[in-house]
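Residue numbers (our numbering), protein chains in the order written: chain A, 3 to 183; chain B, 3 to 183. Heads up, the beta-carbon is just placed ideally off N, CA and C, and yes, glycines get one too. Quick caveat, the model's predicted, so the values are computed rather than measured. Step one of this worksheet: look at the structure below.
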């Protein structure tokens, strides 16, 4: 059975709206999309304090789902793929329980056996990795897919998927290439 | 740089004394070593309730170190190995913060980037895995070492290391086989 590692933040869990709200609280305005293309919001002038929020209990507890993520994961499972959620949680001690509960709540059909909290994703052995960070794909031993987020918009090194419909389209091609599943 | 994944419980963190104390609290006596050779304590008559303790906050917070673990890990790092702690924490939501703090306290020279909390260790890509469970070694893609614990005493399938001195002796041989490091 082929295995797919799926990143959490900005692939299934939508961090950006929360950061936009925080930016507005600090600065009295929302940044335009042009301002933060190619960057993380905390790299903008006025965004210096945003990253601190990641260390607080509760930050990851109530993130919205990325559109299409639940149905997309279910479709891949129906096609016979095994899904692992692989998140670089280890910088954020206070995120563990929030992330765990979030996964159980939104993806009840995936066992805790398939949750991985790590720091360096180069240690992950799966056939595919879907991630919004090029640096994770660069050290990955399998086939990497770059899930579009504003910060990675100028990356050209990896197969890009703009949304979950494009993830499924990619795997339709893989299924054809690998013969009938 | 070669990478070694090191399990926590019964390899660097000593769970057994705590279970023996709990068994005594429940049953008014300690089990003899013969009683629990080849078994987990919670598989003994009278041990049925022990496993529940793993789900409680604090269980993993104050475990003693396995003798030689700190010095052994340091020696392997000095020899040029990269160490990852890989623990099957995911069954136990309440263990995450305890295990994280325990690692930071006892192994301050190893970054959180090298801590992995997972369920199924077959997802781990390293050159070596030191673990007390044969089922983890069985699905591992690299070279597995079985670290002796009473429960695994009759396993014969893997290279056995009885203590940290034997871990270091094993890697001395590896170093020789791989040429001067």
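Quick one: which chain B residues come within Cβ less than 7 Å of residue i?
{"i": "residue 125 of chain A", "result": "86, 118, 126, 127 and 128"}
{"i": "residue 122 of chain A", "result": "115 and 116"}
With DSSP collapsed to three states, give me the class of residue i.
{"i": "residue 1 of chain A", "result": "The question about residue 1 of chain A has no answer, for chain A in this structure spans 3 to 183."}
{"i": "residue 74 of chain A", "result": "helix"}
{"i": "residue 20 of chain A", "result": "helix"}
{"i": "residue 102 of chain B", "result": "helix"}
{"i": "residue 31 of chain B", "result": "coil"}
{"i": "residue 14 of chain A", "result": "coil"}
{"i": "residue 83 of chain A", "result": "coil"}
{"i": "residue 62 of chain B", "result": "coil"}
{"i": "residue 117 of chain B", "result": "strand"}
{"i": "residue 126 of chain A", "result": "strand"}
{"i": "residue 151 of chain B", "result": "coil"}
{"i": "residue 131 of chain B", "result": "strand"}
{"i": "residue 7 of chain A", "result": "strand"}
{"i": "residue 178 of chain B", "result": "helix"}
{"i": "residue 39 of chain B", "result": "coil"}
{"i": "residue 46 of chain A", "result": "coil"}
For a contact meaning CB atoms closer than 7 Å, what does residue i contact in chain A?
{"i": "residue 95 of chain B", "result": "99 and 102"}
Note down, in chain order, each residue of its chain lying with its Cβ closer than 8 Å to the Cβ of residue i, except the 5 sequence neighbours on either side.
{"i": "residue 136 of chain A", "result": "148, 154, 157, 159 and 160"}
{"i": "residue 26 of chain B", "result": "32"}
{"i": "residue 98 of chain B", "result": "91 and 119"}
Cutting at 7 Å between CB atoms, please list the residues of its own chain near residue i, excluding the five before and the five after it.
{"i": "residue 46 of chain A", "result": "33, 37 and 38"}
{"i": "residue 49 of chain A", "result": "25 and 43"}
{"i": "residue 170 of chain B", "result": "74 and 77"}
{"i": "residue 143 of chain A", "result": "127"}
{"i": "residue 164 of chain A", "result": "150"}
{"i": "residue 66 of chain B", "result": "16 and 19"}
{"i": "residue 51 of chain A", "result": "28"}
{"i": "residue 70 of chain B", "result": "165, 166 and 167"}
{"i": "residue 10 of chain A", "result": "87, 89 and 101"}
Is the CB-CB distance between residue i and residue j below 8 Å?
{"i": "residue 6 of chain A", "j": "residue 83 of chain A", "result": "yes"}
{"i": "residue 12 of chain A", "j": "residue 100 of chain A", "result": "no"}
{"i": "residue 4 of chain A", "j": "residue 129 of chain A", "result": "yes"}
{"i": "residue 108 of chain A", "j": "residue 72 of chain A", "result": "yes"}
{"i": "residue 116 of chain A", "j": "residue 85 of chain A", "result": "yes"}
{"i": "residue 15 of chain A", "j": "residue 114 of chain A", "result": "no"}
{"i": "residue 21 of chain A", "j": "residue 57 of chain A", "result": "no"}
Give me the chain A residues within the contact set of residue i, using Cβ-Cβ distance strictly less than 9 Å, ordered along the chain.
{"i": "residue 92 of chain B", "result": "102, 113, 114, 115, 116, 117, 118 and 119"}
Give every residue of the same chain whose Cβ lies closer than 6 Å to the Cβ of residue i, excluding the five residues on either side of it in the sequence, and list them in chain order.
{"i": "residue 61 of chain B", "result": "55"}
{"i": "residue 126 of chain A", "result": "7 and 88"}
{"i": "residue 138 of chain B", "result": "123"}
{"i": "residue 59 of chain A", "result": "96"}
{"i": "residue 146 of chain A", "result": "131, 139 and 160"}
{"i": "residue 152 of chain A", "result": "38 and 39"}
{"i": "residue 53 of chain B", "result": "44"}
Any heavy atom of the ligand NAP closer than 7 Å to the beta-carbon of residue i?
{"i": "residue 15 of chain A", "result": "As far as ligands go, the structure on display features none, and thus does not contain the ligand NAP."}
Near-chain A residues of the stretch 99-118 of chain B (beta-carbon distance less than 8 Å), N- to C-terminal order: 99, 102, 103, 113, 114, 115, 116, 117 and 118
Selection of the stretch 132-159 of chain A by Cβ proximity to chain B, strictly under 7 Å: 143
Near-chain A residues of the stretch 49-74 of chain B - C-beta to any C-beta below 9 Å: none
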